[in-house]
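Under the numbering used here, think of the first position of the sequence shown as 1, with each following residue one higher. Beta carbons are placed, not taken as given, at the ideal position from N, Cα and C, and that holds for glycine. No experiment lies behind these values; they were computed from the predicted model shown.
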Amino acid sequence: MKRLFGIVVAMLYGGSAFALVWSTGMYDGFARDPWLSAASLVVCITAAVSLAYISTLLMVFLTGRSPEPGDPEAFDWHLLVPCRDEESVIAATVSAARSSFPGAHLWIIDDASDDGTASVVRRLMEFDDRIHLISRVRPDARLGKGEALNDAYRTVSARIGDDPEMRRRTVIGVLDADGYLSDNALAAIAGPDAFGDSRVGAVQIEVWMKNRNDMRPLPGRGRIANAFGRYLVRMQDVEFRTTNSAMQLFRVQTGSVGMGGNGQFTRLDALDAVAERFGAPWGRKLSEDYELGLHILELGYRNHYTRAAHVSQEALPYGRRLLTQRTRWAQGIMECASILPALRRSRTVRPLGLLEVNFFMSQPLLMMLNLILLPILIVTAVVRGQFGTFDVGTTASLVAALLAYLILPYAVWGPIYRHIARDERRVRTGVLVGLGMLIYVYATYLYYPRAIGRMLTGRNAWAKTKRNADDVVPVPTAVSDRLLTVPLVDPVVLEDLAGELDQRNDLALEFVAAFAVMWPTRLARISAAIDAEDTVAGRDAAESIRVSATMVGAGRLSLVGSEMTDLVRAGDFEYARRRLQLLSDIGTETVDEFRTNYLAALKGID
Numbered sequence: 001m002k003r004l005f006g007i008v009v010a011m012l013y014g015g016s017a018f019a020l021v022w023s024t025g026m027y028d029g030f031a032r033d034p035w036l037s038a039a040s041l042v043v044c045i046t047a048a049v050s051l052a053y054i055s056t057l058l059m060v061f062l063t064g065r066s067p068e069p070g071d072p073e074a075f076d077w078h079l080l081v082p083c084r085d086e087e088s089v090i091a092a093t094v095s096a097a098r099s100s101f102p103g104a105h106l107w108i109i110d111d112a113s114d115d116g117t118a119s120v121v122r123r124l125m126e127f128d129d130r131i132h133l134i135s136r137v138r139p140d141a142r143l144g145k146g147e148a149l150n151d152a153y154r155t156v157s158a159r160i161g162d163d164p165e166m167r168r169r170t171v172i173g174v175l176d177a178d179g180y181l182s183d184n185a186l187a188a189i190a191g192p193d194a195f196g197d198s199r200v201g202a203v204q205i206e207v208w209m210k211n212r213n214d215m216r217p218l219p220g221r222g223r224i225a226n227a228f229g230r231y232l233v234r235m236q237d238v239e240f241r242t243t244n245s246a247m248q249l250f251r252v253q254t255g256s257v258g259m260g261g262n263g264q265f266t267r268l269d270a271l272d273a274v275a276e277r278f279g280a281p282w283g284r285k286l287s288e289d290y291e292l293g294l295h296i297l298e299l300g301y302r303n304h305y306t307r308a309a310h311v312s313q314e315a316l317p318y319g320r321r322l323l324t325q326r327t328r329w330a331q332g333i334m335e336c337a338s339i340l341p342a343l344r345r346s347r348t349v350r351p352l353g354l355l356e357v358n359f360f361m362s363q364p365l366l367m368m369l370n371l372i373l374l375p376i377l378i379v380t381a382v383v384r385g386q387f388g389t390f391d392v393g394t395t396a397s398l399v400a401a402l403l404a405y406l407i408l409p410y411a412v413w414g415p416i417y418r419h420i421a422r423d424e425r426r427v428r429t430g431v432l433v434g435l436g437m438l439i440y441v442y443a444t445y446l447y448y449p450r451a452i453g454r455m456l457t458g459r460n461a462w463a464k465t466k467r468n469a470d471d472v473v474p475v476p477t478a479v480s481d482r483l484l485t486v487p488l489v490d491p492v493v494l495e496d497l498a499g500e501l502d503q504r505n506d507l508a509l510e511f512v513a514a515f516a517v518m519w520p521t522r523l524a525r526i527s528a529a530i531d532a533e534d535t536v537a538g539r540d541a542a543e544s545i546r547v548s549a550t551m552v553g554a555g556r557l558s559l560v561g562s563e564m565t566d567l568v569r570a571g572d573f574e575y576a577r578r579r580l581q582l583l584s585d586i587g588t589e590t591v592d593e594f595r596t597n598y599l600a601a602l603k604g605i606d
């Protein structure tokens, strides 16, 4: 009953917009011109459908329930991370995944990187046998993300073996090279609504922006540039956690959930079925993730989406890069239209789901039609005097209509975001976020025309989006004489540690290995806290570094960690930012010292 009521309200809302626009008299003179009549009808219908769709998403989002978690031990987890020139971010991603999910295997796919991505991974592999490296070499590399994932699928598939039950309970996750899973991710997607249901072949989790609180997303740039960068980053977080999430929750109801490129999880036997039918799980479309989801639906599996867990990724603070990224996504979605005939013939998706998929894929074309037709209709109506005269009442009605149909459907997400993000700032912050979202949403008119233009001209090659960290030039920091007198690693502390563990070198090795693997995560946490100028989080992160370093005898790192604690407590974030490079260098040197001079001894190797 609640769902039916929501649908009726959404239809009435969209229909009222149609009726209001038609009643303005703008179209009265078009009856004599069939082309203008058809154009006006198209604009009215698309506007009404879009408003009905948006209001439906809003009601679905607000009436969602909290799902039950499941037992992650019931599944065998393998996380794939495709990489190409990801030296700046991959260590923290590997560290976060292995620290949060010690039972999962992590497969890093190095797609012929020109930087030190593979070297970073190999150094971590020496401390953790569940970290694996798949190295791709030209000319068989750099053929797209889908081909890299297919290579990893074959490798993992061979490792799992042919046991059908084992393949059914093996889940393959895909993370971006900068992706951090929430600690409850595996439990959430093991729940009864997700992989706890044997009919579910794939699950997508919510996406957050991990740099959403960064006060200076563009280091070295001025205030205006950083303000614009903060706006873009925040809007991407709002977008993914509200409208995009609402769309996926609606798809749960229609049976048409789509897969995203980050935070997608699929049963191995579902990937097997896709590979058997189509030759490989992932295709060569620009949105190979959405393509995979459609193929899984076509084969009769269900896709599921949950907000109970999330994956955090890096938002883009650069307008040009964001435009390029979204143009690529739009083009990739439109490429997937070729799958629709087979999806309809399969009869595995119910009619409402097919309608949703068709509407989603047609949005770029519908927006282009509006972009072309609406100005023509308005100019024609003005020239012909079809608006009539404006009095106070007419003007007030027009303003009310603008608020109700052009502003409210998008601005309302600002206060909702403030609530779900547990933002304790003033209510007006939510209103400002909503108005910012309004501008951000209408910017889609910039990248849809570009996507259509590229498709019409046959262009589908794209350069990889650069990471934000790639633009940061490390600033050398002086090492004080006092710091140089402190050893990187004190062997006496390690001996004492082994003694406390009953001379168990294996336990001491686990302790040191855990410290080494966890180091990039600790560095990422304090960097994020300092970027956000968060005193509490920064103090906790610095203390975590100091305490853990002290326990393993990393004296120099412990001393710098103590210094960072003092800087954060004093609120001197500017100087703390400058000291981050020193902290990073000493942490890396400490881990290298463990690897070079202590790892073999702890393993009992002469």
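- In chain order, Val257, Gly258, Tyr305 and Glu356 place their CB closer than 7 Å to the CB of Arg251, counting only its own chain and leaving out the 5 sequence neighbours on each side.
- Pairing Val349 with Ala185 gives a Cβ-Cβ distance that is not under 9 Å.
- Looking at the backbone, the Cα of Ala270 and that of Arg345 are separated by about 20 Å.
- Distance from the CA atom of Leu292 to the CA atom of Ala330, rounded to whole angstroms, is 16 Å.
- Taking a cut-off of 8 Å on C-beta distances, the segment 96–111 touches the segment 127–146, as three or more cross pairs fall below it.
- Between the beta-carbon of Met361 and that of Cys336 there is about 7 Å, and that keeps the pair under the 8 Å contact cut.
- Under DSSP, Ser40 forms no beta bridge with any residue.
- Distance from Leu80 to Gly173 at the Cβ level is roughly 7 Å; contact confirmed, criterion being Cβ atoms closer than 8 Å.
- Here Trp282 carries a coil assignment [DSSP, helix/strand/coil].
- Cα atoms of Glu510 and Ser544: separation of roughly 18 Å, rounded to the nearest angstrom.
- For Leu408, the closest of Ala421, Gly436 and Leu323 by C-alpha to C-alpha distance is Gly436.
- The shortest CA-to-CA distance from Gln236 to any of Gly283, Glu314 and Ala91 is the one to Glu314.
- Note on Val399: under 16 other CB atoms within 10 angstroms of its CB, so exposed under the neighbour-count rule.
- If the five residues before and after Thr327 are omitted, its C-beta is found closer than 6 Å to the C-beta atoms of Tyr447, Arg450 and Ala451, all from its own chain and listed in chain order.
- Considered as a whole, the segment 37–112 harbours 76–83 and 105–111 as its complete beta strand (DSSP E) runs of no fewer than 3 residues, in chain order.
- Judged by DSSP secondary structure, Thr444 falls within the alpha helix (DSSP H) whose first and last residues are Thr444 to Leu456.
- Scanning its chain for C-beta atoms nearer than 7 Å, with the 5 sequence neighbours on each side dropped, one finds around Arg546 the residues Ser558, Gly561, Ser562 and Thr565, in chain order.
- Its Cα nearest to that of Ile372, the residue Tyr445 stands out among Tyr445, Ile439, Met334 and Ala342.
- If you look at Ala308, you'll find it in the beta strand (DSSP E) that goes Arg302 to Gln313.
- CA-to-CA, the gap between Thr429 and Arg212 works out to about 15 Å.
- Closest by C-alpha distance to Leu322, out of Ile224, Asp214 and Val441, is Val441.
- In terms of CA proximity to Ser287, Glu147 leads the group Thr63, Gly70, Glu147 and Arg122.
- Around the beta carbon of Leu567, 16 or more other beta carbons lie within 10 angstroms, which makes this residue buried.
- In chain order, Leu124, Phe127, Val591, Phe594 and Arg595 place their CB closer than 8 Å to the CB of Ala516, counting only its own chain and leaving out the 5 sequence neighbours on each side.
- Following the DSSP letters along the chain, one finds Ala202 inside the beta strand (DSSP E) bounded by residues Val200 to Met209.
- Taking all protein chains shown into account, Pro72 has 16 or more neighbouring C-beta atoms within 10 Å of its C-beta and is therefore buried.
- The beta-carbon separation of Asp490 and Gly555, rounded to 5 Å, stays under the 8 Å limit for a contact.
- Looking at the backbone, the Cα of Arg130 and that of Leu268 are separated by about 18 Å.
- Residue environment analysis places Leu403 among the exposed positions, since fewer than 16 neighbouring C-beta atoms fall within 10 angstroms of its C-beta.
- Glu239 has its alpha-carbon roughly 11 Å from the corresponding atom of Leu438.
- In the same chain as Phe265, and ignoring 5 residues on each side of it, the C-beta atoms closer than 6 Å to its own belong to Val171, Gly173, Ile189 and Val203, in chain order.
- Looking only at Ala275, Met59, Ala308 and Glu165, the smallest Cα-Cα distance to Glu298 is reached by Ala275.
- Straight across, the Cα-Cα distance linking Ile205 with Leu106 is about 18 Å.
- Look at the beta carbons and you see the segment 212–228 not touching the segment 88–108: under three pairs across the two are nearer than 8 Å.
- For Ile189, there is no enclosing beta strand (DSSP E); the residue is part of the alpha helix (DSSP H) that begins and ends at Ala185 to Ile189.
- If you draw a straight line from the Cα of Ala421 to the Cα of Met209, it is about 12 Å long.
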